[in-house]
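A.B. asks: Please read through the structure below; I'll follow up with questions.
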C-alpha cells in the first residue's frame with residue numbers, strides 16, 4: 001500500500017487527470033502526495049538558477065496555489081516542489097531518494113511519430129523507475 005506518492009505535474013490536461021487520480025489513490029490508502037514540477041530553465045549561472053528556484057512561484061505563477069487548493073479540497077496532505085531539469089530526469093532522481101513508494105504520471109497522448117522524435121518521458125520513467133508507476137491516460 002502506498003504511503004508516499006510522487007506525482008509528476010506540468011499543468012497539462014494529462015497531468016491534471018493524473019493529479020485527480022493521485023488524490024483518489026491517496027484518499028484510499030491514507031497516503032501523502034509530493035507534486036513535483038520539472039522546470040527546464042535557460043542556461044544561466046548557478047546563482048541565477050538558485051535565485052529562480054528559491055522563488056519557484058515566479059516560474060509558474062499561481063500553479064502551486066492551484067494544486068495545493070485542489071489538494072485541500074480533496075483532503076489530501078500534499079507538498080509542492082519545483083526542481084530544475086527534464087521531467088524524466090527529475091522524476092527518476094526523486095524516486096531514487098527512497099522517499100516514495102509509488103509514482104503517478106499522465107500520458108501525454110502524443111502519437112508514435114512525436115514520441116519517436118521527441119522521446120517519451122513516460123517510457124523513460126516506466127522503464128527505469130524503482131517503484132510502481134501508474135500512467136493515467
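Numbering (UniProt numbering), first residue to last: 1 to 137. Just so you know, even glycine gets a beta-carbon here, dropped at the ideal spot from N, CA and C. For clarity, every value in this text was computed on a predicted model and none was experimentally measured.
Is the stretch 2 to 22 in contact with the stretch 92 to 110, if contact means three or more CB pairs nearer than 8 Å?
C.D. replies: Yes: at least three Cβ pairs fall under 8 Å.
A.B. asks: Could you check where the beta strand (DSSP E) with residue 34 kicks off and where it finishes?
C.D. replies: 32 to 39 is the span of the beta strand (DSSP E), which, as asked, contains residue 34.
A.B. asks: Please list the terminal residues of the continuous beta strand (DSSP E) segment that includes residue 8.
C.D. replies: Residues 4 to 8.
A.B. asks: So for residue 126, helix, strand or coil by DSSP?
C.D. replies: Reduced to three states, the DSSP call for residue 126 is helix.
A.B. asks: Spatial neighbours of residue 85 within its chain, please: CB distance less than 6 Å, with the 5 preceding and 5 following residues excluded, ordered by chain position.
C.D. replies: Excluding sequence neighbours, residue 85 sits near 38.
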